[in-house]
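Below you'll find the structure, written out as structure tokens, and then a few comments.
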Amino acid sequence: MTTFIIRRLLQLIPVLLGVTILVFSLMHLTPGNPAVIMAGESAPQATVEAIEQRLGLNDPLHVQYLNFLGNALQLDFGTSIRDNIPVFSHIQPRFLITLELTIYSMIFAIVLGLLAGIVSAVRQYTISDVAIMIVALFGLSMPNFWLGLMLIQWFSINLGWFSPTGWGDPDQLVLPVIALGTAGAAIIARMTRSSMLDVISQDYIRTARAKGVKERVVIFRHALKNAMIPVVTVIGLQFGYFLAGSVLTESVFAINGLGRLIIDAILQRDFPIVQGAVLVVSISFVVVNLIVDISYRFLNKRVDLN
């Protein structure tokens, strides 16, 4: 296991380098000169050139990239064009909010998706199975921003049960978590059903039942554990999608998370913040997938780690 983890960490190096190259290229492919934005459209050319010199924008691209990479390793993503505050100071509190939203949404999606998928698989071709899959199809088809608006209309405006905006208080958590986690729950439910049906038809499951093992033990100890590998893969991908795709949910519910920070930075052409935020999200996505790979071995000892 230790050898496998070290090997996977080494394999992450080229992936992370590729991510940094893409993020670095983002600023240079986007129209607009950061120095002009910082100095103002009417600033003298000498002022613009001085800012370019201070930021190193006159250096060759490979030198700029190496400087960017070295600073990023120290969590130094530069300073904001808008207010000249270090980018990391903007990203850290916003990222924690987005991470919290993502974790709560994943818990909601995992619990609901696993329960729905198990019930659907155990009661295959029954009314329960059909109803769960129809609901899952609707959950997968609804955009999270539309669902968020509907939840605000129903439960905030009409019923007054929950706060429609903000983050932190218990009544502010429920609606954005449901809006973001519903699609993930639908995907997990469908994958759980499919994987469980494959496992339930195996000979060792029939043998366990023939020995008189309780059905609950057969389903949760034998079938579910062996059916979890493809489900865990989906869960890992969904975590990354939630982390990166919370932009619309945060906008609908006025949550000051990382997604909303990226949108504001794009509108204000604050390229350092966009670079830093995208890099943090990308690295988080890669790390989550590493954790998923490692978890395979704990779920099934037969998984080859070579």
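For the sequence shown, UniProt numbering gives the first residue as 1, with consecutive numbering after it. Think of the CB as a built atom: it goes at the ideal place given N, C-alpha and C, for glycine as much as any other residue.
Problem - The alpha helix (DSSP H) enclosing W146, as first and last residue numbers - result: By 1-based counting over the sequence shown, the position of residue 146 is 146. Per DSSP, W146 belongs to the alpha helix (DSSP H) from 144-151.
Exercise for the section: Using beta-carbon positions only, say whether V231 and L258 come within less than 8 Å of one another. Expected result: As a position in the sequence shown, residue 231 is number 231, starting the count at 1. As a position in the sequence shown, residue 258 is number 258, starting the count at 1. Contact annotation: V231 and L258 have beta-carbon atoms that are not nearer than 8 Å.
Handout entry: beta strand (DSSP E) runs contained entirely in the region 92-135, provided each spans 3 or more residues
Key = Listed in chain order, nothing qualifies, since the region 92-135 has no complete beta strand (DSSP E) run of 3 or more residues.
Exercise for the section: May I ask you to list the residues that DSSP assigns as paired with T79? Expected result: On the sequence shown, residue 79 is found 79 positions in, with the first residue counted as 1. Answer by DSSP bridge pairing, in chain order: P86.
Handout entry: A227 versus K211 - alpha carbon distance
Key = Numbered from its first residue, the sequence shown carries residue 227 at position 227. Numbered from its first residue, the sequence shown carries residue 211 at position 211. Near 21 Å, if we compare the C-alpha coordinates of K211 and A227.
Exercise for the section: With H62 as the anchor, note down where its alpha helix (DSSP H) starts and where it stops. Expected result: Here residue 62 is taken as the residue at index 62 of the sequence shown, counted from 1. Unbroken alpha helix (DSSP H) run through H62: 61-73.
Practice task
In the DSSP assignment, find the alpha helix (DSSP H) that holds G181 and state where it starts and stops.
Solution key: What you label residue 181 is simply residue 181 of the sequence shown in a count that begins at 1. 170-200 is the extent of the alpha helix (DSSP H) around G181.
Practice task
With a 10 Å radius around its C-beta and 16 neighbouring C-beta atoms as the bar for buried, classify N144 as buried or exposed.
Solution key: Here residue 144 is taken as the residue at index 144 of the sequence shown, counted from 1. Looking at its Cβ environment, which holds 16 or more other Cβ atoms inside 10 Å, N144 is buried.
Problem - Alpha carbon of residue 314 to alpha carbon of F242, nearest angstrom - result: This structure cannot speak to residue 314, because the chain is shown only from 1 to 306.
Handout entry: Collapsed DSSP secondary structure at I255 in the structure displayed
Key = In the sequence shown, counting from the first residue as 1, residue 255 sits at position 255. For I255, the secondary structure class from DSSP, reduced to helix, strand or coil, is coil.
Exercise for the section: Identify which residue in V252, F68, M106 has its Cα closest to the Cα of Q275. Expected result: The residue labelled residue 275 in the question sits at position 275 within the sequence shown. Closest option to Q275, Cα to Cα, is F68.
Handout entry: Distance between T3 and P60 (C-alpha atoms, nearest Å)
Key = Here residue 60 refers to the residue found at position 60 when the sequence shown is read from its first residue. Here residue 3 refers to the residue found at position 3 when the sequence shown is read from its first residue. Each residue's alpha carbon lies about 39 Å from the other.
Exercise for the section: Kindly indicate which three-state DSSP category G245 falls into: helix, strand or coil? Expected result: Locating residue 245 in the sequence shown gives position 245, where the first residue counts as 1. In the structure shown, G245 sits in coil (DSSP, three-state: anything other than H, G, I, E or B).
Exercise for the section: Identify, in the order they occur along the chain, each residue of the same chain with its Cβ nearer than 8 Å to the Cβ of V19, setting aside the five sequence neighbours on each side. Expected result: For the purposes of this step, residue 19 is taken as residue 19 along the sequence shown, with counting starting at 1. So the list reads L279, S282, I283, V286, once near-sequence residues are dropped.
Practice task
Sort A277, A223, A185, V252 by Cα distance to M133 and report the nearest one.
Solution key: Here residue 133 is taken as the residue at index 133 of the sequence shown, counted from 1. Of the listed residues, the one whose Cα sits closest to M133 is A185.
Handout entry: Simplified DSSP assignment, three categories, for V213
Key = On the sequence shown, residue 213 is found 213 positions in, with the first residue counted as 1. Note: V213 maps to coil in three-state DSSP.
Practice task
Return helix, strand or coil for residue 335, following the three-state DSSP convention.
Solution key: This structure cannot speak to residue 335, because the chain is shown only from 1 to 306.
Problem - Spatially closest choice to P93 from V288, S295, A277, by CA coordinates - result: Locating residue 93 in the sequence shown gives position 93, counting from the first residue. P93 has its Cα closest to that of A277, out of V288, S295, A277.
Exercise for the section: Would you kindly work out how many angstroms separate the C-alpha atoms of L12 and I294, rounded to a whole number? Expected result: In the sequence shown, counting from the first residue as 1, residue 12 sits at position 12. In the sequence shown, counting from the first residue as 1, residue 294 sits at position 294. Cα to Cα, L12 sits roughly 13 Å from I294.
Handout entry: Simplified DSSP state of Q45, which is helix, strand or coil
Key = The residue you call residue 45 lines up with position 45 of the sequence shown. In the structure shown, Q45 falls within a helical segment according to DSSP collapsed to helix, strand and coil.
Practice task
Please state whether DSSP places Q53 in a helix, a strand or coil.
Solution key: For the purposes of this step, residue 53 is identified with residue 53 of the sequence shown, where counting begins at 1. In this structure, Q53 counts as helix in the three-state DSSP scheme.
Handout entry: Closest Cα partner of L96 within the set I255, S195, A223
Key = Here residue 96 corresponds to residue number 96 of the sequence shown, with the count starting at 1. The residue with the shortest Cα to Cα distance from L96 is I255.
Exercise for the section: Use the C-beta contact count for V130: other C-beta atoms within 10 angstroms, 16 or more gives buried, fewer gives exposed. Expected result: Taking the sequence shown and counting its residues from 1, one reaches residue 130 at position 130. By the neighbour-count rule (16 or more Cβ atoms within 10 Å), V130 is not buried but exposed.
Exercise for the section: Closer than 6 Å by C-beta to Q238: which residues in its own chain qualify, once you throw out the five before and the five after it? Chain order, please. Expected result: Translated into positions along the sequence shown, residue 238 becomes position 238. Cβ within range, chain order: G184.
Handout entry: Sequence-distant residues of its chain with Cβ nearer than 6 Å to E250 (five each side left out)
Key = Position 250 of the sequence shown, counting from 1, holds the residue named residue 250. G257, G259, R260.
Practice task
Using three-state DSSP, classify T165 as helix, strand or coil.
Solution key: Locating residue 165 in the sequence shown gives position 165, counting from the first residue. DSSP, read as helix, strand or coil, puts T165 in coil.
Handout entry: For V23 and I107, the rounded distance between their alpha carbons
Key = Within the sequence shown, numbered from 1, the residue matching residue 107 stands at position 107. Within the sequence shown, numbered from 1, the residue matching residue 23 stands at position 23. One C-alpha to the other measures close to 30 Å.
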